[in-house]
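This report concerns only the one structure given below.
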Amino acid sequence: MTSTNQSNQKQNQGFFGNLAFNIVIPVVIMSYTSSDDLLGPAWSIVAALIFPVGYGFWDLKQSGKVNGFSILGIISVLLTGGISLLKLPAEYIAIKEAAIPALIGIAVLITQYTKKPLVKMLILNDQIINWNALNDALARKGKEREFRRKVANSSYIVAASFFVSSALNYILAKVILVSEPGTTAYTEELGRMTALSYPVIVIPSMILLVTALWYLFSQIGKITGEDLDNFLNHQ
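Its first residue numbered 2, the sequence shown is counted upward by one per residue in the numbering used here.
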């Protein structure tokens with residue numbers, strides 16, 4: 002098996018693992034075991050949250066390094082569980098759901114003024130771009146400053162994707178979570194919100210992220226005058 006096939010296999014495993022442990026399993030547990038004759042509202046939430054939290058810690062251990070987004074995901078899940086188990090108003094869930102992507106969007110905007118823009122980690126990381134080759138090409142043509150401006154432009158697109166996600170998160174939570182916290186109906190609604198979050202939130206956000214990536218790729222070709230393939234990492 003080639004290194005490319007191994008890399009693709011790992012990416013697929015990561016995708017399906019995330020989908021199963023963060024979406025599918027929690028949704029099934031909260032939707033079908035929250036009645037009083039099974040786990041009940043509280044314990045079904047506990048059981049459902051064990052999977053994304055456990056997967057998050059397992060992923061951190063496997064990667065061998067601290068990933069800020071993995072940590073943020075674990076904190077988000079724990080907050081959801083804590084708010085639900087304490088039977089706090091659904092408004093707290095809506096605010097939490099909106100706050101996390103909004104904070105990431107703000108971080109994207111702020112870090113574009115630093116030496117390590119967050120947008121590079123999100124869409125132009127070392128697994129995609131051969132930065133040594135790209136930096137050499139930019140230096141030869143004296144285009145470093147112009148490229149930094151293009152990266153800044155893409156930061157606005159990426160930040161917009163998180164702000165869109167923030168708004169959709171809030172709306173989704175407000176529309177779906179209408180029952181009394183601590184009830185079977187509320188737990189089932191929490192499962193429904195988790196299930197709908199993928200198509201309703203992730204797809205629009207991914208469209209904007211792909212747009213930002215396409216923009217930067219096109220600018221790399223224009224600025225360097227070389228084929229983009231010269232700067233891609235082929236694993």
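Beta carbons are placed, not taken as given, at the ideal position from N, Cα and C, and that holds for glycine. Only a predicted model underlies this, so the values are computations on that prediction, with no experimental measurement involved.
When you compare the CB positions of residue i and residue j, do they come within less than 9 Å of one another, or not?
i: I75; j: A48; result: no
i: L125; j: A108; result: no
i: F232; j: N131; result: yes
i: P27; j: G183; result: no
i: Y93; j: I105; result: no
i: P200; j: V165; result: no
Can you tell me whether DSSP reads residue i as helix, strand or coil?
i: L87; result: coil
i: L178; result: coil
i: I46; result: helix
i: L40; result: coil
i: Q14; result: Residue placement at Q14 is poorly supported in this model, since its pLDDT is 49, which falls under 50; the coordinates still yield a value, given next. Helix, per DSSP.
i: T5; result: For T5, the pLDDT reaches just 45, beneath the cut-off of 50, and the residue's location in the model is therefore unreliable, leaving the point undetermined.
Here's the rule: buried if 16 or more other CB atoms are within 10 angstroms of the residue's CB, otherwise exposed. What is residue i?
i: V211; result: exposed
i: M2; result: Confidence in M2 is poor, its pLDDT being 43 and thus under 50, which makes the residue's placement unreliable; the coordinate value appears in the next sentence. Exposed is the call here.
i: S167; result: buried
i: V176; result: exposed
i: K121; result: buried
i: Y33; result: exposed
i: G82; result: buried
i: S45; result: buried
i: M194; result: buried
i: S198; result: buried
Every unbroken alpha helix (DSSP H) inside the segment 147-212 [4 residues or more]: Fully enclosed alpha helix (DSSP H) runs of 4 or longer: 185-198.
Fully enclosed by the segment 114-153, which alpha helix (DSSP H) runs are 4 residues long or longer? Counting only runs of 4 or more, we get 119-124, 132-142.
For the pair the segment 57-64 and the segment 154-165, tell me if three or more CB-CB distances fall below 8 Å. Too few Cβ pairs lie closer than 8 Å, so no.
So does the segment 100-116 actually touch the segment 222-231, counting three or more Cβ pairs closer than 8 Å? Not touching, per the Cβ criterion.
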